[in-house]
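A.B. asks: One structure coming up, written as structure tokens, with questions to follow.
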């Protein structure tokens, strides 16, 4: 089994943190995009129960 060099291990380490960082940035942007849609969906449902005579 060949011995792993320090530079190779360091490159894998940097690549892993870069991928994790990019995934976190992508999920943050998706959460920011999804939160306004949830608030707009919840607001139209509130005025409908205020009219019980219909």
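In our numbering, the protein residues as written are 18 to 71. Using N, Cα and C, we set each Cβ at its ideal position, and we do this for glycine too. Bear in mind the structure is a predicted one, so any value in this text is a computation, not a measurement.
Helix, strand or coil, according to DSSP, for residue 16 in the structure here?
C.D. replies: Because the chain spans 18 through 71 in this model, residue 16 falls outside it and cannot be assessed.
A.B. asks: Determine the DSSP secondary structure at residue 34, reduced to helix, strand or coil.
C.D. replies: Residue 34: helix per DSSP, three-state reduction.
A.B. asks: Report the rounded CA-to-CA distance for residue 43 versus residue 33, giving the unit in angstroms.
C.D. replies: Straight-line Cα distance between these residues: approximately 15 Å.
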